[in-house]
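Residue numbers (the UniProt record's numbering): 1 to 994.
Note that CB positions come from ideal geometry on N, CA and C, so glycine has one too.
None of these values were measured; they are calculated from a predicted model.
Have a look at the structure below, then the notes.
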Amino acid sequence: MAYVKDDEVLPVENIAEYLREHYGRHILHAYRSVQKYYFRLESSKRDLRFLKACRSNDIIPKFLWFKTSNRQLGRSWVYKDCQRRFLKVEIDWKYDYFYGTRNVFELSLDVLRELIPYRIFEHLHRMVILFAVRLLEKKENTLRNKLWNLGVGDEYFESNDPEVVTNLSSRVLSDEEIQCLANGLDYGLIPKHIDRLNVASNVEQFYHRVTDIAQHHKEFMNELKEHGAIVKADVRVLNSKELTFASDLRSLTQSFLHKVDQFREQNFKIKSKVQNYCNILKKLRADNSIIITRPDKGRGIVLMDRNDYVNKMLFILNDRSKFCVLSEDPTITREKQLNDLLRRLLNEGSVTDQFHSIARHTGSNPGRLYELPKVHKENVPLRPVLSSIGTLNYGLGKALTHMLSNIVAKQNIIRDSFSFVKDVRVLPKDFSKYKMVSFDVTSLYTNAPIDETIAIILKHLYEIRTTAPSMKKDDMNKLLIFATKNSHFLFNGIVYDQIDGVSMGSSLAPLLAQIFLQEFETKSAALFAELGIIYWKRYVDDTFVLVNSTHSTKAICAELSKCHPSLQFTSEEEHPVTHTLPFIGVLIKRQPGTGFNTSIYRKPTFSGLMTKWSSFVPKTYKHNAVFTLIYRAIQLCSSKKSLYKELNFIRQLATNNGYPIVFVNSVIRRQLHIKNSSPVPIQPELNNDIVVLRVPYFGPESQVYGKRVTDVVAKQYPLKKVRVIYDITNRIGQGFKLKDSITDEFKAGVVYEATCSQCNKAYVGQTFRHLKTRVHEHMLDQKKFIPQTVTKTEPKKEKKHLPQKPKFPHDGPITRSKTGKLPPAILRLNQVDIDLLLDQTTLKKEKNEDIQLPKSAISKHYIATSHIITKQDFKILITEPRKYRLRIKESLMIIAKKPKLNGNDRSMPLYIYPDGIEITKEKEKKTIESIGSTTNLQQANQIKQLLMKINNKFFYSIFHSNITSVLHRINNQTVSIISLHSRQFILFNHHHFH
Numbered sequence: 001m002a003y004v005k006d007d008e009v010l011p012v013e014n015i016a017e018y019l020r021e022h023y024g025r026h027i028l029h030a031y032r033s034v035q036k037y038y039f040r041l042e043s044s045k046r047d048l049r050f051l052k053a054c055r056s057n058d059i060i061p062k063f064l065w066f067k068t069s070n071r072q073l074g075r076s077w078v079y080k081d082c083q084r085r086f087l088k089v090e091i092d093w094k095y096d097y098f099y100g101t102r103n104v105f106e107l108s109l110d111v112l113r114e115l116i117p118y119r120i121f122e123h124l125h126r127m128v129i130l131f132a133v134r135l136l137e138k139k140e141n142t143l144r145n146k147l148w149n150l151g152v153g154d155e156y157f158e159s160n161d162p163e164v165v166t167n168l169s170s171r172v173l174s175d176e177e178i179q180c181l182a183n184g185l186d187y188g189l190i191p192k193h194i195d196r197l198n199v200a201s202n203v204e205q206f207y208h209r210v211t212d213i214a215q216h217h218k219e220f221m222n223e224l225k226e227h228g229a230i231v232k233a234d235v236r237v238l239n240s241k242e243l244t245f246a247s248d249l250r251s252l253t254q255s256f257l258h259k260v261d262q263f264r265e266q267n268f269k270i271k272s273k274v275q276n277y278c279n280i281l282k283k284l285r286a287d288n289s290i291i292i293t294r295p296d297k298g299r300g301i302v303l304m305d306r307n308d309y310v311n312k313m314l315f316i317l318n319d320r321s322k323f324c325v326l327s328e329d330p331t332i333t334r335e336k337q338l339n340d341l342l343r344r345l346l347n348e349g350s351v352t353d354q355f356h357s358i359a360r361h362t363g364s365n366p367g368r369l370y371e372l373p374k375v376h377k378e379n380v381p382l383r384p385v386l387s388s389i390g391t392l393n394y395g396l397g398k399a400l401t402h403m404l405s406n407i408v409a410k411q412n413i414i415r416d417s418f419s420f421v422k423d424v425r426v427l428p429k430d431f432s433k434y435k436m437v438s439f440d441v442t443s444l445y446t447n448a449p450i451d452e453t454i455a456i457i458l459k460h461l462y463e464i465r466t467t468a469p470s471m472k473k474d475d476m477n478k479l480l481i482f483a484t485k486n487s488h489f490l491f492n493g494i495v496y497d498q499i500d501g502v503s504m505g506s507s508l509a510p511l512l513a514q515i516f517l518q519e520f521e522t523k524s525a526a527l528f529a530e531l532g533i534i535y536w537k538r539y540v541d542d543t544f545v546l547v548n549s550t551h552s553t554k555a556i557c558a559e560l561s562k563c564h565p566s567l568q569f570t571s572e573e574e575h576p577v578t579h580t581l582p583f584i585g586v587l588i589k590r591q592p593g594t595g596f597n598t599s600i601y602r603k604p605t606f607s608g609l610m611t612k613w614s615s616f617v618p619k620t621y622k623h624n625a626v627f628t629l630i631y632r633a634i635q636l637c638s639s640k641k642s643l644y645k646e647l648n649f650i651r652q653l654a655t656n657n658g659y660p661i662v663f664v665n666s667v668i669r670r671q672l673h674i675k676n677s678s679p680v681p682i683q684p685e686l687n688n689d690i691v692v693l694r695v696p697y698f699g700p701e702s703q704v705y706g707k708r709v710t711d712v713v714a715k716q717y718p719l720k721k722v723r724v725i726y727d728i729t730n731r732i733g734q735g736f737k738l739k740d741s742i743t744d745e746f747k748a749g750v751v752y753e754a755t756c757s758q759c760n761k762a763y764v765g766q767t768f769r770h771l772k773t774r775v776h777e778h779m780l781d782q783k784k785f786i787p788q789t790v791t792k793t794e795p796k797k798e799k800k801h802l803p804q805k806p807k808f809p810h811d812g813p814i815t816r817s818k819t820g821k822l823p824p825a826i827l828r829l830n831q832v833d834i835d836l837l838l839d840q841t842t843l844k845k846e847k848n849e850d851i852q853l854p855k856s857a858i859s860k861h862y863i864a865t866s867h868i869i870t871k872q873d874f875k876i877l878i879t880e881p882r883k884y885r886l887r888i889k890e891s892l893m894i895i896a897k898k899p900k901l902n903g904n905d906r907s908m909p910l911y912i913y914p915d916g917i918e919i920t921k922e923k924e925k926k927t928i929e930s931i932g933s934t935t936n937l938q939q940a941n942q943i944k945q946l947l948m949k950i951n952n953k954f955f956y957s958i959f960h961s962n963i964t965s966v967l968h969r970i971n972n973q974t975v976s977i978i979s980l981h982s983r984q985f986i987l988f989n990h991h992h993f994h
């Protein structure tokens with residue numbers, strides 16, 4: 001090995017000549033070998049990332065697009081599957097090439113290390129890496145452009161900013177955990193499973209809404225009952241059009257489920273990132289010592305220790321002037337009181353049916369309190385938010401909001417940032433000489449006085465208005481108290497009542513705050529003029545004010561805070577040099593004597609996080625994410641310079657989140673074209689009935705399914721307009737427990753199962769009330785037939801019977817005795833007379849006699865077997881907040897589980913899946929409803945006989961020919977075609993109806 005002086009200057013350029021001159025040609029060859037194999041190794045790494053990115057996003061690189069003689073074949077799943085196989089083989093080959101190149105590179109590196117001094121070796125190694133950087137950057141840009149040209153932003157190049165994750169907990173996060181959470185809580189992942197029960201219930205409900213079959217079924221059943229027919233409630237009644245639509249809908253849904261299974265198997269296995277994220281999230285969700293939530297302002301992720309989280313909230317709840325602890329949950333009691341009040345008001349005509357249906361609630365839950373950390377403030381205080389959906393007064397708040405909304409005057413109210421900018425731009429130029437100030441009310445919702453606000457509302461309704469409501473003032477006051485003061489909630493297992501202030505999250509809270517502040521503004525109008533306030537506009541609790549420059553902002557703020565003990569104001573003044581002021585996302589720049597300019601403003605809490613391009617959500621969501629930013633920029637930026645600056649910011653923001661620049665520029669061009677072109681007159685929309693179809697999102701398969709269903713409806717029911725909503729069933733933020741759980745007995749909208757512990761026979765039912773209430777009804781009905789325990793009592797003393805005098809037959813005439821009663825007549829009847837008398841005699845029911853009949857299947861089970869079912873034998877199978885879908889799911893669960901105690905009874909007929917659906921995709925026996933041919937045939941004959949009585953011969957001949965032909969065509973399945981009032985109805989077993 002040659003010796004090298006420490007002070008010898010090693011070359012950066014012309015390395016080949018240096019090595020040839022000092023070490024010989026064989027060293028030069030060894031160096032070039034290291035250089036060549038290093039570049040190949042790093043290049044193959046980037047090729048692998050590119051290929052894996054294509055596979056993860058289900059796109060095919062152009063080198064795998066091959067021609068076929070049949071052009072139609074290029075759009076088939078066979079062609080696509082073949083491309084995927086080629087891509088997999090290419091990745092496998094690339095891995096082999098990578099490992100082989102790495103071995104050769106390491107060998108050549110060892111050879112070079114042995115041939116030259118270590119200092120020279122280190123220098124040459126650095127030069128090899130340095131010279132390859134430029135070529136590798138060029139290759140990386142080429143691959144990035146290829147991905148973007150294919151219409152997909154490569155998820156590998158997405159920059160996940162770790163700053164969006166604020167870790168305030170004692171748990172140390174790994175880099176992988178930070179990278180996972182940095183995608184955002186709304187980041188969509190490929191679902192592991194599909195809820196087939198949910199799909200079936202969605203389709204059934206969609207079918208009911210499109211065809212209005214429930215109303216037709218009800219009319220048909222009522223008419224049959226009028227004529228004495230006994231038919232099961234779940235008999236399916238369809239005409240030929242409805243039958244065809246049901247057939248098409250089932251076929252499309254089954255095809256969709258099959259393709260979803262293929263999609264999950266292909267994609268979930270190959271997306272290693274998704275699998276890694278699922279494992280990370282599983283570990284984080286299992287850690288009960290931390291909570292993971294979003295910040296109060298902006299988008300991001302915050303981790304806190306649960307103990308710290310709870311203690312900070314308990315400090316707020318210890319304010320006894322605002323909150324009090326309740327010893328028990330008053331939900332059921334208050335719900336009954338409210339419903340009784342609403343029922344009385346409806347009977348009196350004080351409220352409409354619509355108001356009653358919105359305000360009335362059954363199966364209510366207590367509100368659940370959670371907190372959002374204010375990470376932008378010192379010591380990270382919490383903002384309490386009440387989840388009031390499902391509470392007893394949530395619907396009442398919505399109904400009252402609609403009734404009381406016209407109390408709020410509109411002249412000082414800012415609806416949104418767009419209307420605010422329009423108002424500012426049309427202000428007179430003279431207004432630009434006044435100073436801009438923003439006043440903010442501190443903790444408006446918590447500090448708003450409830451009693452005073454209710455008094456203001458009653459004054460407006462019954463004193464200021466010329467026409468008072470039909471409801472009495474006392475009743476209105478009771479409703480307002482129910483909607484505000486009876487707002488109990490659950491936190492950390494304890495029930496609290498909010499006795500003053502309105503909770504953030506209440507449906508009535510924004511309106512109450514508006515009414516209270518409006519009253520303050522009305523009373524303070526004279527004071528505003530004295531304080532030099534020229535212009536006053538308010539967005540909830542934030543105000544934009546123009547003030548005479550001679551008045552002090554701090555003095556004005558102090559005077560405003562003295563007006564009411566519940567109102568404390570803070571202020572922000574315009575920048576003294578630039579004359580700019582941020583307000584509700586708009587940066588207003590005042591130009592004295594000229595006017596006001598506006599542009600976009602983002603708070604320091606802005607994280608730069610938006611919907612990621614690699615997020616597993618529909619492409620329309622990603623388009624809307626960019627479209628919203630661009631539309632906002634065009635509407636709020638008043639100059640071309642500010643608009644150009646904002647559009648460049650949007651491009652960079654979208655690129656950082658993985659969006660192809662081509663995609664972003666196309667949205668920008670389209671919006672600018674709309675802005676610069678003349679407005680197109682809007683065509684009036686047809687008064688079509690909108691029907692919603694909810695589809696779980698599984699990539700393009702879901703979108704194809706939604707499109708096909710829409711086309712079928714447009715063809716058969718042109719007056720129905722379909723709106724497809726794609727449900728994202730797997731997000732990063734799902735599963736992190738933040739709110740208190742509702743105990744099973746207080747859950748409502750459930751399908752439950754009661755299983756006998758002695759014979760394992762089960763009963764499946766549903767209730768939209770609290771499960772506790774329904775179980776109590778079952779137990780109460782069963783208790784009627786359980787023998788009560790007989791308590792031993794003292795034996796009664798028997799009365800001493802005096803010896804009776806012997807009776808002698810009376811042969812003389814029958815006369816009255818001294819008591820006025822006739823002596824008993826002696827009748828002698830033979831057996832024929834006795835039988836005739838018994839036949840003509842009916843037993844009279846005594847007034848106090850109560851013949852108990854079992855109402856519950858559980859009671860019938862006890863009567864038949866003497867087996868007692870207890871409260872512990874009940875369990876919840878599924879929950880469903882929508883009443884109609886709950887009944888559908890109960891029917892599907894009855895078919896799936898085949899509970900012995902239900903028999904064949906169901907809540908409602910199923911038209912798409914009358915034979916049930918596989919709830920899970922295991923390799924097991926399919927769940928199919930067993931409909932006895934004999935039973936259905938008896939029903940068909942019974943209906944046929946009935947129709948013979950109520951219809952003419954021509955009608956019966958049509959009916960008879962149809963039913964005969966169908967019964968002969970279907971093997972062992974009952975299909976009965978019935979015509980009634982010029983409708984041809986079909987009772988069918990859907991499993992074989994096609």
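Asked, Found
"Nearest by alpha-carbon distance to residue 416: which of 542, 340, 535 is it?", "542"
"Could you check the C-alpha separation between residue 73 and residue 79 for me, to the nearest Å?", "6 Å"
"Can you list, in chain order, the stretches of the alpha helix (DSSP H) that have 4 or more residues and sit fully within the segment 619 to 706?", "619 to 636, 640 to 656, 661 to 676"
"Going along the chain, which residues of its own chain have a beta-carbon closer than 8 Å to the beta-carbon of residue 731, five neighbours each way excluded?", "185, 186, 187, 188, 189"
"Would you list the one or two residues that DSSP bridges to residue 595?", "591"
"Got a sec? Which residues, its chain only, sit under 7 Å from residue 907 by beta carbon, not counting five neighbours each side?", "766, 887, 890, 891"
"Would you tell me roughly how many angstroms separate the C-alpha atoms of residue 425 and residue 432, rounded to the nearest one?", "11 Å"
"Look at the Cβ atom of residue 492, then the Cβ atom of residue 310, and state whether they are nearer than 8 Å.", "yes"
"Residue ranges of each beta strand (DSSP E) run of no fewer than 3 residues wholly in the segment 741 to 780, ordered along the chain?", "748 to 755, 762 to 770"
"When we look at the beta-carbon of residue 126 and count the other beta-carbons within 10 Å, is it buried (16 or more) or exposed?", "exposed"
"Mind checking residue 679: buried by the 16 CB within 10 Å criterion, or exposed?", "exposed"
"How would you call residue 774, buried or exposed, if buried means at least 16 neighbouring beta carbons within 10 angstroms?", "buried"
"Considering Cα atoms alone, identify which of 162, 571, 882, 411 is closest to residue 441.", "571"
"Give the secondary structure of residue 383 by DSSP, where H, G and I count as helix, E and B as strand, and everything else as coil.", "strand"
"What runs of the alpha helix (DSSP H), each 4 residues or longer, lie entirely inside the segment 173 to 218?", "175 to 181, 196 to 211"
"Nearest by alpha-carbon distance to residue 742: which of 656, 494, 538 is it?", "494"
"Under a Cβ-count criterion, where at least 16 other Cβ atoms within 10 Å of its own Cβ denotes burial, should residue 1010 be classed as buried or exposed?", "Here the chain covers residues 1 to 994 and nothing more, so residue 1010 does not appear."
"Looking only at its chain, what residues have a beta carbon closer than 6 Å to the beta carbon of residue 778, apart from the 5 residues adjacent to it on each side?", "856, 858"
"Do the segment 105 to 123 and the segment 77 to 95 touch if we need at least three Cβ pairs shorter than 8 Å?", "no"
"Let's test the definition: count the other Cβ atoms within 10 Å of the Cβ of residue 864 and tell me whether it reaches 16, buried, or not, exposed.", "exposed"
"Report the rounded CA-to-CA distance for residue 194 versus residue 919, giving the unit in angstroms.", "9 Å"
"Using beta-carbon positions only, say whether residue 569 and residue 439 come within less than 8 Å of one another.", "yes"
"Let me check understanding here. Comparing Cα to Cα, which of 312, 739, 708 lies closest to residue 288?", "739"
"What do you reckon, are the CB atoms on residue 181 and residue 301 nearer than 8 Å?", "yes"
"In terms of alpha-carbon separation, which member of 176, 577, 698 lies closest to residue 191?", "698"
"Compute the distance between the beta-carbons of residue 607 and residue 298, then report whether it is under 8 Å.", "yes"
"Enumerated in chain order, which unbroken segments of the beta strand (DSSP E) with a length of 3 residues or greater are wholly contained in the segment 465 to 502?", "488 to 491, 494 to 498"
"Specify the secondary structure class of residue 285 as computed by DSSP and reduced to three states.", "helix"
"Considering only C-alpha positions, which residue in the set 560, 411, 614, 400 is nearest to residue 478?", "400"
"Quick one: Cα of residue 361 to Cα of residue 499, how far?", "22 Å"
"Here's the rule: buried if 16 or more other CB atoms are within 10 angstroms of the residue's CB, otherwise exposed. What is residue 326?", "exposed"
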